[in-house]
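Everything below concerns the one structure shown next.
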Amino acid sequence: MQPHSFDYVRPQTLARAIQVLSENGNRAKVLAGGQSLIPVLKLRLANPRVLVDINDVPGLAFIEERGDQLRIGALSRHRDFEQSKLIREKYPIFSDVASVLGDPQVRNLGTIGGALAHADPASDWGTALLAFKAELTARGPNGARTIPIDRFFKDPFTTALRSSELLTEIRIPKSKAGDGGAYLKLKRKTGDFATIGVAVQLGLDAKRNVAGARVALASVGPRPIRAPGAEKALVGRKAGPTAFADAAKMASGEAHPTSDLRGSEEYKRAMIEVFTRRALETATARAGR
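Numbering (this note's numbering), first residue to last: 410 to 698.
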């Protein structure tokens with residue numbers, strides 16, 4: 410099956426991209442890497458009148474620390490995270506994500522912004538960013554606005570972005586001593602969507618007690634979710650097997666998986682518990698670097 414016909418626009422500036430989106434509203438779709446959008450177009454699940462290719466818009470692809478934040482351009486490719494020394498050394502959770510995304514073609518072309526805007530309930534990037542207090546910048550005809558990651562995902566394949574807006578940047582707190590994170594994904598085969606996914610970000614104090622914790626889950630509901638009960642089970646306790654087991658049980662109970670071709674509800678809950686514990690162990694080891 411082939412897409413319906415559409416007009417193709419390749420703006421050279423951010424202002425022009427926003428103008429085209431504003432003029433066309435829900436009739437327009439944004440093309441970044443195309444790894445989510447192109448299959449949807451071919452299946453005619455989306456039938457835009459205008460395709461807005463933003464690959465020539467400058468200033469949207471970067472990964473760098475500025476002040477007390479890590480700032481990421483929405484047009485950054487998955488491969489950029491695989492190859493970044495900064496990410497490997499200070500934000501390895503993002504290396505985890507990039508390494509399990511699709512195949513080399515997907516990683517070479519796909520972008521973090523496109524993955525977030527697609528809002529798949531199995532989103533690897535969305536789940537990992539929920540493990541941080543991430544903020545997203547959306548730019549539209551009325552300027553820029555900030556969307557907290559906790560408020561970004563609304564329903565399956567639906568976000569807080571307006572039809573006239575473009576996601577341009579992601580910001581998270583800068584990594585500090587005692588921080589560690591991990592993302593683990595259960596999948597049937599290489600390149601598959603997550604059967605379940607677990608993202609963990611911990612902050613440990615000098616005595617190896619958990620000072621801060623965020624736990625997020627993929628493929629267990631209509632959107633990536635946090636597990637606040639699991640987080641509470643960790644904070645103030647020694648980072649170790651007892652706290653991890655308690656938190657893993659809480660995460661399993663907070664999930665809302667459904668039975669499908671990838672596994673039964675019971676199987677997915679069991680795997681959430683196992684993978685949460687493993688992710689906590691990995692995050693703790695990384696926090697000790």
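Using N, Cα and C, we set each Cβ at its ideal position, and we do this for glycine too.
Rounded to the nearest angstrom, how far is the Cβ of A537 from that of A608, given a contact under 8 Å? Confirmed, Cβ separation roughly 5 Å.
One question on the structure: do L525 and G535 come within less than 8 Å of each other, judged by their Cβ atoms? In this structure, G535 lies closer than 8 Å to L525 by Cβ.
Which of the three DSSP states, helix, strand or coil, is assigned to A444? It is Gln, not Ala, that sits at residue 444 in the sequence shown. Note: Q444 maps to coil in three-state DSSP.
So what's Q478 in DSSP terms, helix, strand or just coil? Strand, per DSSP.
How long is the line joining the alpha carbons of S414 and V429, rounded to whole angstroms? If I take the Cα positions, the gap works out to 17 Å.
Scan the stretch 617–647 and note each continuous alpha helix (DSSP H) run of 4 residues or more that stays entirely inside, going in chain order. Within the stretch 617–647, the complete alpha helix (DSSP H) segments of 4 residues or longer fall at 637–643, listed in chain order.
Endpoints, beta strand (DSSP E) assigned at V459: Going by DSSP, V459 is part of the beta strand (DSSP E) stretching over V459 to D462.
Is the separation between the beta-carbon of A660 and that of E675 shorter than 8 Å? Taking 8 Å as the Cβ cut-off, A660 and E675 do not qualify as a contacting pair.
Could you give the DSSP three-state label for T577: helix, strand or coil? Correct three-state label for T577: strand.
Best match in L611, R560 and T599 for proximity to A639 [C-alpha to C-alpha]: Nearest Cα to A639 within the set L611, R560 and T599: L611.
Can the beta-carbon of Y592 be found closer than 8 Å to that of D505? Yes, these two residues count as a Cβ contact at 8 Å.
DSSP-derived helix/strand/coil call for V429: V429: helix per DSSP, three-state reduction.
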